[in-house]
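**Q** Once you've had a glance at the structure underneath, I'll fire off some questions.
Protein chains: 2
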Amino acid sequence: MKKSSENAADLSARIAGEIRDAIVAGRLIVDERLPSEAELANQFNVSRSTVREALKRLAAQSLIRTQRGATGGAFVNRLRFEDAYGQQITTSTLLLSMNEVSFDVACEARFAMERACAPLAAERRGPDHLARMRAEIARQQQPDLSDEAFCDSDVAFHRALVDAAGNPVLSYQLAGAVEGMLPLMNMITFTARSRENILRLHIEITDALERHDADAVTEALSALETYTLQLGQQVIVARSARNG
Amino acid sequence: MKKSSENAADLSARIAGEIRDAIVAGRLIVDERLPSEAELANQFNVSRSTVREALKRLAAQSLIRTQRGATGGAFVNRLRFEDAYGQQITTSTLLLSMNEVSFDVACEARFAMERACAPLAAERRGPDHLARMRAEIARQQQPDLSDEAFCDSDVAFHRALVDAAGNPVLSYQLAGAVEGMLPLMNMITFTARSRENILRLHIEITDALERHDADAVTEALSALETYTLQLGQQVIVARSARNG
DNA sequence: TTTTTTCATTTGTCTGACATTTGGGCTTGC
DNA sequence: GCAAGCCCAAATGTCAGACAAATGAAAAAA
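One line per chain: the protein sequences are U and B, in this order. In terms of our numbering, the first sequence opens at residue 315 and continues consecutively. In terms of our numbering, the second sequence opens at residue 315 and continues consecutively.
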């Protein structure tokens, strides 16, 4: 009747689960020091190695940090967005690359969420956001830019757009969606013609954002979705042709 | 110049990073067996304990699974949504509970993403989704329902709505947003009056979904956002009054 | 051929040891 | 009294070796 994750699992997994629950439930608060490894080993009646394996599991999730030395130990970590970002991106990338998710589905989700940012971004965008976006547009206009660099700039452009919404939770979620698609996007060959199309839409988005026109941003994003989907299809076709 | 995460860190963190990179980059494919712990210890020139700590880190992120016995070992895990869900929810919950994010911001992000699902859900909703939603509405009408059970039902209702969009990536992202807010929502006392308001909007959403009316769904969600924000404010006020 | 037994392999856990880091307290010198 | 430097205890990081337990495959028995 217990949680399946704590039932028949390893000792280190069970112990990690107990500590994790204590953190999530607030019984252990931020920056609080956990008992030393030796003490934990006593409390749980296991060896120090087992405790250490449990602590490493928690460290991998950024739930705790460890410090060496006399006043060292394991401390409950204040989870920061930067920490969460990395995991979010890794997870999203893997979900896509392991074919658990198709390009179409990922694309749809990404642009659906990006459109969700549009009204907020149109309202709150500052001059810095517009500057970031225009800087990326300038980069994307360089004809000698590699496909990979073009993708990176594309990601940076869209992150600026999302950041303009001024909601870190949305930025966090979108980071996974956008950067997770990067490996697949990198397989696309951006012809001069396709860059021109994308660039046109990027300019359209930025201009619309500047004049606080949420509807125009949404529309341009939808057009970009259609076009991205089309480019993605070409990769799928090329890939299956190579395999078949 | 290397990645900061692999520079001055522990051996076990470095080794975990190397293996993680290999998985993300596709040099290790799904279901592939890693060398045994003893072999890895040899390859990396460290002790078995250190290798084990590295493997536990990866296991905590669901990147590998281990199996005992003669043909056992560590295998690259096919990352499934169910695995990713749990981490996503844990992370979101912590980001909120540690006050890294305010209720308002979380609420805004949640409903922005939920509105992003509305057009897709209105188009694709099946009879099962409508049935799930109506079942939750029925539960929410029971006057003797506890506040906590009401919250659970609320979450279930919104998950059905999101699932109706038929996009697992959106479901995955929303799971974190919606369930992460649950602890804070649980602090709200749902009066008869507030339940009535919420219920009315839930019915409105479901009816609109049934007749494929995306605009009406969006509108009702916006109304629900306003109302949820209002209820949340009361909790904030009550909480600060208790502390001050 | 089918069943049983044996066995090698691998992970899980424990014990004990030493290295390294680090802050606090003590000593020393002024 | 005060500051600088030294020493040391405590804690994590790493290592080596051992045994327990699980497990599938090969060998042996029916």
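Beta carbons are placed, not taken as given, at the ideal position from N, Cα and C, and that holds for glycine.
Rounded to a whole number of angstroms, what is the C-alpha to C-alpha distance between His571/B and Val415/B?
**A** This structure does not reach residue 571/B, given that chain B is present from 315 up to 558, and the question cannot be answered.
**Q** Tell me whether Ala452/U sits in a helix, a strand or coil according to DSSP, three-state version.
**A** Note: Ala452/U maps to helix in three-state DSSP.
**Q** Who does Thr380/B pair with in a DSSP beta bridge?
**A** Its beta-bridge partners are Ala388/B.
**Q** What are the boundary residues of the alpha helix (DSSP H) that Glu437/B is part of?
**A** Phe417 to Arg438 is the span of the alpha helix (DSSP H), which, as asked, contains Glu437/B.
**Q** Could you check whether Thr520/B and Leu434/B sit closer than 8 Å to each other, using their CB atoms as the reference points?
**A** No. Outside cutoff.
**Q** Bridge partners for Arg347/U per DSSP, in chain order?
**A** The partner list for Arg347/U (beta bridge, DSSP) reads Phe389/U.
**Q** Spell out whether any CB of chain U is found under 8 Å from the CB atom of Glu320/B.
**A** Its pLDDT being 48, under 50, Glu320/B is placed unreliably in this model, and the coordinates cannot settle the point.
**Q** When DSSP labels each residue in this structure, what does Arg366/B get in the three-state scheme?
**A** Helix, per DSSP.
**Q** Return the residue from the list Ser376/B, Phe504/B, Ile343/B and Ala528/B that minimises the CA-CA distance to Val549/B.
**A** The shortest C-alpha separation from Val549/B is found at Phe504/B.
**Q** Mark Arg334/U as exposed unless 16 or more other C-beta atoms lie within 10 angstroms of its C-beta, in which case mark it buried.
**A** Classification for Arg334/U: buried.
**Q** Listing by chain order, which chain B residues have their CB less than 8 Å from the CB of Arg392/U?
**A** Under the 8 Å cutoff, chain B gives Met412 and Glu414.
**Q** Please list, in chain order, all residues of the same chain as Gly480/U whose beta carbon is under 7 Å from its beta carbon, the five residues on each side excluded.
**A** Leu434 and Arg438.
**Q** Pick helix, strand or coil for Pro482/B, following the three-state DSSP scheme.
**A** Residue state, collapsed to three classes: helix.
**Q** Quick one, which residues of the stretch 338-360 of chain U are near chain B if we go by CB-CB under 7 Å, in chain order?
**A** Under the 7 Å Cβ criterion, the stretch 338-360 of chain U contributes Val338, Gly340 and Val344.
**Q** What residues from chain U crowd round Glu367/B, counting only those whose CB sits closer than 8 Å?
**A** Result: Arg366, Glu367 and Lys370.
**Q** Pick out the complete alpha helix (DSSP H) segments inside the stretch 477-551 of chain B, 4 residues or longer, and give them in chain order.
**A** With a minimum length of 4 residues, the continuous alpha helix (DSSP H) runs that stay inside the stretch 477-551 of chain B are 482-494, 496-499 and 506-524.
**Q** In the stretch 428-443 of chain U, which residues sit with their C-beta less than 9 Å from some C-beta in chain B, listed in chain order?
**A** Listed in sequence order: Glu428, Arg429, Ala430, Cys431, Pro433 and Leu434.
**Q** How long is the line joining the alpha carbons of Arg514/B and Ser508/B, rounded to whole angstroms?
**A** Rounded to whole angstroms, Arg514/B to Ser508/B spans 10 Å at the Cα level.
**Q** If you draw a straight line from the C-alpha of Glu518/B to the C-alpha of Val531/B, how long is it?
**A** For Glu518/B and Val531/B, the distance between alpha carbons rounds to 8 Å.
**Q** How should Asp477/B be labelled, buried or exposed, when 16 other C-beta atoms within 10 angstroms of its C-beta is the threshold for buried?
**A** By the 10 Å Cβ count, Asp477/B comes out buried.
**Q** Please determine, among Met447/U, Ser536/U, Ala398/U and Asn391/U, the residue with the shortest C-alpha to C-alpha distance to Ser467/U.
**A** The option with the nearest alpha carbon to Ser467/U is Met447/U.
**Q** Is the shortest distance between the beta-carbon of Leu484/B and the beta-carbons of chain U less than 8 Å?
**A** Yes, contact with chain U.
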